[in-house]
Amino acid sequence: MAEKPDKAKESPATGKLNKKLLLIIGAALLVILIGGGVAAYLLLKSAGEEEQVDPGQRVPVPVVNPQADIGPTVDIAEFVVNIISDQDTHYVKSALTIELTNDLAKDEMNRRMPQIRDAILLLVSNKTFEELRDLQGKKQLKAELLSKINALMQTGQAKSIYFTEFVVQ
368 MAEKPDKAKE SPATGKLNKK LLLIIGAALL VILIGGGVAA YLLLKSAGEE EQVDPGQRVP
428 VPVVNPQADI GPTVDIAEFV VNIISDQDTH YVKSALTIEL TNDLAKDEMN RRMPQIRDAI
488 LLLVSNKTFE ELRDLQGKKQ LKAELLSKIN ALMQTGQAKS IYFTEFVVQ
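Heads up: the sequence shown begins at 368 in this note's numbering, then just goes up one per residue.
Here it is, written out as structure tokens:
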């Protein structure tokens, strides 16, 4: 019977300890839940803002004409050429596909392939890294290539040039 009074004396102390422990655990869980809620809100809010488009802003829609048929094409094999640079050595690695007006132009282009590759290599090698690094520079190169190629052609014309590979390094 001596043990029962000892247990009675210990139970109020352990009861206070259990209440303090539960209070600390509850407070820690509350802090974690609030922190997680704030973090989730901020992450979801920032992800939602990136996808939203200002209703007053016009977004350009690419024009696609699925009925327009592509003309005959000729592939220009991959080539690597050094480009002009003051400080470092830079080069362009590229491959092209050229769309032509008709099959006669395709035959002529195949016959003139050495002249066309020569014109392409000379034109690209006279470009600088800064000129070819952005989109505008690549579009300018396409226009210049089209002009050079059409100057060589007699029975047909090149309609468009497509970069099937283009690396500037």
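Each residue gets a CB set at the ideal place from its N, CA and C atoms; glycine is no exception.
Note to self: List, from N- to C-terminal side, the beta strand (DSSP E) runs of 3 residues or more that fit wholly inside the segment 429-501.
What the structure shows: 440-450 and 457-467
Check: With a CB to CB cut of under 7 Å and the five nearest residues on each side skipped, what residues in its chain are close to T531?
Finding: A462, L463 and T464
Margin query: Taking 8 Å as the limit between beta carbons, can you name the residues of its chain near A472, skipping five residues before and five after?
Written below: P439, M520, T522, G523, Q524 and A525
Item checked: Residues sharing a beta bridge with S514, DSSP -> Beta-bridge pairing links S514 to no other residue.
Next item on the list: Please say whether H457 and Q536 have beta carbons closer to each other than 8 Å?
Entry: yes
Notebook entry, point to check: Mind checking K494: buried by the 16 CB within 10 Å criterion, or exposed?
Noted result: Buried: at least 16 other Cβ atoms inside 10 Å.
Note to self: Cutting at 7 Å between CB atoms, please list the residues of its own chain near T468, excluding the five before and the five after it.
What the structure shows: G438, G523, Q524 and K526
Check: Do you know whose CA, among E497, D501 and L489, lies nearest E511's CA?
Finding: L489
Margin query: Judging by CA-CA distance, which residue of D470, G402, I487 and V459 is the nearest neighbour of A518?
Written below: It is I487.
Next item on the list: Use the C-beta contact count for M480: other C-beta atoms within 10 angstroms, 16 or more gives buried, fewer gives exposed.
Entry: Residue environment: M480 is assigned as exposed (fewer than 16 neighbouring CB atoms within 10 Å of its CB, all protein chains considered).
Check: Between G402 and L389, what straight-line distance do the alpha-carbon atoms span, to the nearest angstrom?
Finding: 20 Å
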